[in-house]
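Visitor: Okay, handing you the structure first.
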Amino acid sequence: MSAAHRFLLFITGRSSIGDRALANFRTLANTAYPDNHELEVIDIMRHPGRAEEYRILAAPTLVRLSPGPMLKIVGDLSAVERLRQILGMPEGDDHDHA
Amino acid sequence: MNENTDALLKLPTGIEGFDHLTMGGLPKGRTCLISGSSGSGKTILGMEFLYRGMIRYGRKGVFVSMEERTSDIMRNVRRMGWDLQALVKSGHLRLLDAGPEPIPIEESGAYDLSGLLVRIEHAVEQTGAELLVLDSIGSLFDQFTNAAVVRREIFRIIDALRNMGITAMLTAERLDEYGRISRHGVEEFVSDTVIILRNVLKEEKCRRTVQVLKMRGDTHYKGEYPFTINAPIGISILPLSARELKQSSSTARISFGNQVLDQMAGGGLFRDSIFLVSGPTGGGKTLLATTFAAEGCRRGEKVLLLAYEESHAQLLRNAQSWGLDFQKWEEDGLLRVICQYPESMGLEDHLLLIQREIESFRPRRLIMDSVSAMERVGHVRFFREFVIGLTSFAKQEEVCSLFTSTTPKLSGGDSITEAHISTITDAILLLRYVEINGILRRGVAVIKMRGSQHDKQIREFTIDDQGLHIGKPFTNVQNIILGIPSATLPSEVEQLGAMFEE
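First to last, the protein sequences are chains R and H. So for the first sequence, the working numbering puts the first residue at 115; every next one is plus one. So for the second sequence, the working numbering puts the first residue at 4; every next one is plus one.
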């Protein structure tokens, strides 16, 4: 059974910027979509074909597969408020849970 | 790194005129910048660089499209007769789609463009490419907001291309034809070679030009060179004066088709010469041209006749009236007549068409009746370039060419054509009306014959149903050439006669 929120994260090898993006995504997703999200991390150095398939130019790039429509977010996801806006989450949502 | 020896190696592109302009092609293993306004032909140039490289030299290449969809590009160049699909199938060509997408792309935090870099490296590795085109880098500035990052990443891509030994073209937009080199100042990164394409509207005619702005540590032709884009040749850069440097000069002579004229010219025309016939309307230019053509056909030489003032039927009728069967020569494949309105296309296109005809028909004689009709088509400067381009091509191919030029006034006088092309031609023949005692007569004179002696006298000529007859020199008039003939007093005639007795 696939989760309601599915994402791909394209990163370049073991890079600090890629690690940062992954950490930032985890923090956000664990609070916003606990137990209801899937993430596949793709190293474009090892899988350039996948980068081709999704026409990736920048790294890191987060691709939201579902819910649709498809969405691409470029960057290390450090601008959290911007990320929430893009993903359509209410502002400061995690404060309510805290 | 062998920086110095690398810089001297050039990679021929196979694009017509381009390798000549760049004196050998693009610096091998380097990236050059092609900058031009929208619609200036950047994408076609890039695509042709790959296509010719593949078709002619068996090279492999990658095209990174950042503006148009690759499927659109494939369709667009099909009208050129370029089958990219087949090249993709045979593994010579790889097209990368890297343009803006219909889905939203957002930014959150820091990023680089290693996705693009990895895809390029991957495509180069898989195909074994030597060539790459990235069209256009300006699009990256539109797709990503952080210009500093984009600049840094372009630099990184160029560096990677150089390390892989790729000869690449990067295209960039510019807003003004004569303003900044490129919109985002990208020429600062790609400083080895910068080529500018222009598409300028001047006097209601579009004119495409290419200019090699710089080519580090190397020589190339400077200035703007006109080019055309046509199927199936693609880009064709007109060499103009560059070709003049390597003309052979023939000493073999050929006949005008009139014995007296041959004598006047010191024994006939040189086989590779360019010969201008100037005269007022009705002055016998077309007859002279027809005589010249007929002589060629009679000797079994192929003749190409370009008519810009008369229709095909009219031309045949004229020849018929002088007892010349042009139709038969046409059927025999000796004569090729092309009638066209000068205004039907631009000068570059005319030149290209003539060059194609010369290449395919391989004539020994070329007649252009009249070259002055071309003055109407474009700016004087372009007209001069057209004539230079035509004459240098004709010389290179050793085609003896006769151009006619119509003088604006019945009595003669200067015309634009003469002012601009008389120095280019090897021989000039003037036809003039001479009024003597209220009767209009015709005079002919050779006023220039490069590399040979010629008759300095002005002779009378007549036209009848047999054609052209050249008679005796005028002895009692002067100023015929200046267009204001006047009778001279007997005493003066004697004086002049004595002067020219030598």
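Heads up, the beta-carbon is just placed ideally off N, CA and C, and yes, glycines get one too. Model, not experiment: these values are computed from the prediction.
Say whether chain H places a C-beta atom closer than 9 Å to the C-beta of asparagine 144 (chain R).
Guide: No - not a single Cβ of chain H is within 9 Å of the one on asparagine 144 (chain R).
Visitor: Counting only Cβ pairs nearer than 8 Å, list the residues of chain H close to valine 188 (chain R).
Guide: Those are Ile108, Glu109, Glu110, Ser111, Tyr114 and Phe147, listed as they occur along chain H.
Visitor: If phenylalanine 121 (chain R) sits next to glycine 118 (chain H), beta carbons under 8 Å apart, how far is it from one beta carbon to the other, in whole angstroms?
Guide: Rounded, the Cβ-Cβ distance is 16 Å, inconsistent with contact.
Visitor: I think glutamate 70 (chain H) touches serine 139 (chain H), with their Cβ atoms under 8 Å apart; what is that distance to the nearest whole Å?
Guide: The pair is a contact, with the Cβ atoms about 6 Å apart (cut-off 8 Å).
Visitor: Which chain R residues sit within Cβ distance under 8 Å of glutamate 104 (chain H)?
Guide: Here the neighbours are Arg169 and Lys186.
Visitor: Would you say glycine 163 (chain R) faces chain H, with C-beta separation under 9 Å as the test?
Guide: For glycine 163 (chain R), the answer is yes, since a Cβ of chain H falls inside 9 Å of its Cβ.
Visitor: Taking 9 Å as the cut-off, decide whether the C-beta atoms of arginine 256 (chain H) and arginine 274 (chain H) are in contact.
Guide: Closer than 9 Å, so yes.
Visitor: Note the first and the last residue of the continuous alpha helix (DSSP H) segment covering aspartate 275 (chain H).
Guide: First-last for aspartate 275 (chain H): undefined, no H or E at that position.
Visitor: Name the chain H residues that come within less than 8 Å of threonine 175 (chain R), Cβ to Cβ?
Guide: Within 8 Å Cβ-Cβ: Tyr114 and Gly118.
Visitor: Output, in chain order, the set of chain A residues within a Cβ distance shorter than 7 Å of methionine 159 (chain R).
Guide: Looking for chain A here will not work: the only protein chains present are R and H.
Visitor: Given a cut-off of 9 Å, decide if arginine 367 (chain H) and glutamate 401 (chain H) are closer than it, judged by their beta-carbon atoms.
Guide: Yes. Within cutoff.
Visitor: State the Cα-Cα distance for the pair glycine 131 (chain H) and proline 162 (chain R), rounded to the nearest angstrom.
Guide: One C-alpha to the other measures close to 16 Å.
Visitor: Do we get a CB-CB distance below 9 Å when we pair glutamate 507 (chain H) with the residues of chain R?
Guide: This structure leaves residue 507 (chain H) out entirely; chain H is present only between 4 and 505.
Visitor: Going by DSSP, what residue range makes up the alpha helix (DSSP H) through alanine 322 (chain H)?
Guide: From DSSP, the alpha helix (DSSP H) with alanine 322 (chain H) extends over 315-324.
Visitor: Which residue's Cα is closest to the Cα of glycine 32 (chain H): H:Ile169, H:Phe158 and H:Glu124?
Guide: When only C-alpha atoms are compared, the closest one is H:Ile169.
Visitor: Taking its Cβ as the centre, do 16 or more other Cβ atoms sit within 10 Å of glutamine 214 (chain H), making it buried, or is it exposed?
Guide: Buried, because 16 or more other Cβ atoms sit within 10 Å of the Cβ of glutamine 214 (chain H).
Visitor: Check whether chain R comes within 9 Å of aspartate 100 (chain H), counting only Cβ atoms and requiring the distance to be less than that.
Guide: At least one chain R Cβ lies under 9 Å of aspartate 100 (chain H).
Visitor: Using the rule of at least 16 other Cβ atoms within 10 Å of the residue's Cβ for burial, across every protein chain shown, is glutamate 176 (chain H) buried or exposed?
Guide: Glutamate 176 (chain H) is buried by the Cβ-count criterion.
Visitor: What residue from R:Ala137, R:Ala146 and R:Leu136 has the CA that sits closest to proline 204 (chain R)'s CA?
Guide: It is R:Ala146 whose Cα lies nearest to the Cα of proline 204 (chain R).
Visitor: Identify the contact partners of histidine 223 (chain H) in chain R, using a Cβ-Cβ distance below 9 Å as the criterion.
Guide: Correct list: empty, because the minimum Cβ distance to chain R is about 34 Å.
Visitor: Helix, strand or coil for leucine 248 (chain H)? Go by DSSP, reduced to three states.
Guide: Note that leucine 248 (chain H) scores 38 on pLDDT, short of 50, meaning its location in the model is unreliable; the coordinates nonetheless yield the value given after this. In the structure shown, leucine 248 (chain H) sits in a helix (DSSP, three-state: H, G or I).
Visitor: Output the distance between the C-alpha atoms of leucine 279 (chain H) and lysine 205 (chain H), rounded to the nearest integer angstrom.
Guide: Each residue's alpha carbon lies about 28 Å from the other.
Visitor: Out of H:His223, H:Gly112 and H:Met77, which has the shortest C-alpha to C-alpha gap to leucine 96 (chain H)?
Guide: For the residues H:His223, H:Gly112 and H:Met77, the minimum Cα distance to leucine 96 (chain H) belongs to H:Met77.
Visitor: What are the start and end residues of the alpha helix (DSSP H) that includes histidine 151 (chain R)?
Guide: Careful: histidine 151 (chain R) lies outside any alpha helix (DSSP H), inside the beta strand (DSSP E) at 151-157.
Visitor: Helix, strand or coil for leucine 122 (chain R) per DSSP?
Guide: Leucine 122 (chain R) falls in the strand class under three-state DSSP.
Visitor: Excluding the 5 residues flanking alanine 101 (chain H) on each side, which residues of the same chain have their C-beta closer than 7 Å to its C-beta?
Guide: Counting only Cβ-Cβ distances below 7 Å, and skipping sequence neighbours, we find Val67, Ser68, Met69 and Leu119.
Visitor: Just the C-alpha distance for arginine 198 (chain R) and aspartate 133 (chain R), rounded to the nearest angstrom, thanks.
Guide: Rounded to the nearest angstrom, the two C-alpha atoms are 19 Å apart.
Visitor: Just grab the DSSP bridge partners of glutamate 19 (chain H) for me.
Guide: Note: glutamate 19 (chain H) sits in a beta bridge opposite H:Ser239.
Visitor: What does histidine 125 (chain H) reach in chain R if we use C-beta pairs closer than 7 Å?
Guide: The answer, in chain order, is Pro162.
Visitor: Would you mind working out which of H:Leu48, H:Ile439, H:Glu463 and H:Lys451 sits nearest leucine 200 (chain H), comparing C-alpha positions?
Guide: Leucine 200 (chain H) has its Cα closest to that of H:Leu48, out of H:Leu48, H:Ile439, H:Glu463 and H:Lys451.
Visitor: Chain H partners of leucine 197 (chain R), CB-CB under 9 Å?
Guide: What leucine 197 (chain R) touches in chain H: Glu109, Ser111 and Gly112.
Visitor: Does the count of Cβ pairs from the region 11-27 of chain H and the region 223-243 of chain H closer than 8 Å reach three?
Guide: Judged by Cβ distances under 8 Å, the region 11-27 of chain H makes contact with the region 223-243 of chain H, as three or more pairs qualify.
Visitor: What does DSSP give as the partner residues of methionine 371 (chain H) in its beta bridges?
Guide: H:Leu309 and H:Phe406, per the DSSP bridge assignment.
Visitor: Below 7 Å on C-beta distance, what does glutamate 166 (chain R) contact in chain H?
Guide: By Cβ distance, chain H contributes Arg122.
Visitor: Is there at least one Cβ from chain R nearer than 9 Å to alanine 245 (chain H)'s Cβ?
Guide: Its pLDDT being 44, under 50, alanine 245 (chain H) is placed unreliably by the model, and the measurement read from it follows with that caveat. Not closer than 9 Å to any Cβ of chain R, the Cβ of alanine 245 (chain H) fails to qualify, so no.
Visitor: What are the residues that DSSP puts in a beta bridge with phenylalanine 230 (chain H)?
Guide: The partner list for phenylalanine 230 (chain H) (beta bridge, DSSP) reads H:Ile240.
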